[in-house]
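Enquirer: Just so you know, the working numbering puts 284 at position 290 of the sequence shown, and the rest follows in order with no gaps. Even for Gly, the Cβ is constructed at its ideal location relative to N, Cα and C. Below: one structure in structure tokens.
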Amino acid sequence: MHLFTNLVQPFSGSRLLLKFQRHHLSPEVSSFTRNFVFHEGFRLSSRASPFARGFVSHHLHKLFRITAISGVPIASAEEPNIFLVANQSILEFVQNSTGLPWWATIIFTTIVLRSIFTLPIAIYQQKSYARLLNVQPLINSWIEKLKHKVARKSRMEKRSYEEFQAALQKEVSAKVKEIYREIGWHPIKSYLMPWYQIPLFICMSFTLREMINSAEDKKKINTNICEDIESIADDNIINTKKLNDFTNGGVLWFPDLTIADSTWFFPLAIGFTNLFNIEVYFILILLYFYILLFKSYHIYLMIVSNLVC
């Protein structure tokens, strides 16, 4: 306590800090902290060592500036997410390097990230599907062979139709798994694309939301207070990149990216596009089901004819 008593002492010119306390200090901050740091103001004692004065000045000024600019209470400040910070850095780098407006920067960065992360997965998945289609005739031929083999064995052992179906299913499943292992294909590989796309989409969405929220917060800053505390703010915090370019970084009917689209065009477009993709996917699944049903019926007729004969 004696250390802080020597470091921090009241001074008469505390109106600036009282104004700062009134507008920006979180109500959750304890009364002890308010009285100790802000109520009487502070100055660094000349009796303190240069190291101690520099340490206290650096961290207190940095804390004040972050709270004033972001509007985040001191007591509730949290560490930023590393993925969102990295994604924001990529967006800012692209925008600064290309000079594109923010709407074009977002589209361009999304295309680049998808090309880097999802395009190789898509190519690999297409090659896997190609290998699967190439072995489909082999699988069908093995199904025919196993069908006759199990049918003969069922006639010899006088099995029921249900026992025949169970034995045939077991033989076919084992053979199909063996063929899949030979070509290096697994059913879980068909889900690789969504597992890569969904995290990328969520990360980009949260990054843009945080950047837009930051721009909106900067609109609400009391500029008089910011000008007053610039003399005590940390230089690195003062030079932090301003993101209020979002306010005029749009295009067409949405020039301000910090304002929600009143036409709901993009949410509706995304919703209908996803619905279309789902419907097409289920139509293809349904067609594939009908094809399998037709083949199964054909196999059933052949089995019945063999049993009758």
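1) Give, in chain order, every unbroken run of the alpha helix (DSSP H) that is at least 4 residues long and sits entirely within the region 239 to 265.
2) Under three-state DSSP, which class holds R153?
3) Do the region 111 to 128 and the region 186 to 195 make contact, defined as three or more Cβ pairs closer than 8 Å?
4) Starting from V106, trace the alpha helix (DSSP H) both ways and give me its first and last residue.
5) Quick check on V245: buried or exposed, where buried means 16 or more other Cβ atoms within 10 Å of its Cβ?
6) Using a Cβ distance threshold of 8 Å, determine whether the region 77 to 96 contacts the region 149 to 167, with at least three qualifying pairs required.
7) In three-state terms, what does DSSP make of N134?
8) Using 8 Å for Cβ pairs, my map puts L127 next to E204. What's the rounded Cβ distance?
9) Alpha carbon to alpha carbon, how far is I285 from N268? Give it in angstroms, no decimals.
10) Give the straight-line distance between the Cα atoms of F288 and F266, rounded to the nearest whole angstrom.
11) CB-CB under 7 Å to N81, same chain, minus the five flanking residues each way: which ones, in chain order?
12) Between the region 137 to 152 and the region 117 to 126, can you find at least three pairs of beta-carbon atoms closer than 8 Å?
13) Expressed to the nearest angstrom, what Euclidean distance is found between the alpha-carbon atoms of I206 and S83?
14) Alpha carbon to alpha carbon, how far is L186 from Y118?
15) Which residue from F270, F248, N271 puts its Cα closest to that of F260?
16) So, helix, strand or coil for V144, using DSSP?
17) Going by C-alpha distance, which of K139, E138, A161 is nearest S148?
18) Considering only their Cβ atoms, is the gap separating V106 from I137 smaller than 8 Å?
19) For my contact list, D239 and W96 are in at a C-beta cut-off of 8 Å; report their separation, rounded to the angstrom.
20) Applying the criterion that 16 or more other CB atoms from any shown protein chain within 10 Å of the CB defines a buried residue, is I264 buried or exposed?
21) At the level of alpha carbons, what is the spacing between E176 and A168?
22) Would you decide whether I101 is buried or exposed? Buried here means 16 or more other CB atoms lie within 10 Å of its CB.
23) At which residues does the alpha helix (DSSP H) containing V307 begin and terminate?
24) Within a Cβ cutoff of 7 Å, which residues of the same chain sit near L94, ignoring the five residues on either side of it in sequence?
25) Looking only at its own chain, which residues have a Cβ that is under 8 Å from the Cβ of L132, when we skip the five neighbours before and after it?
26) Beta-carbon within less than 7 Å of V170's beta-carbon, same chain only, minus the 5 sequence neighbours each way: which residues are those?
Expert: Based on what the coordinates show:
1) none
2) coil
3) yes
4) 96 to 111
5) exposed
6) no
7) helix
8) Wrong, their Cβ atoms sit about 44 Å apart, outside the cutoff.
9) 26 Å
10) 33 Å
11) C197, M198, T201
12) no
13) 14 Å
14) 10 Å
15) F248
16) helix
17) A161
18) no
19) 6 Å
20) exposed
21) 13 Å
22) exposed
23) Any answer about residue 307 is impossible in this case: the structure gives the chain only from -5 up to 303.
24) F102
25) I173
26) I133
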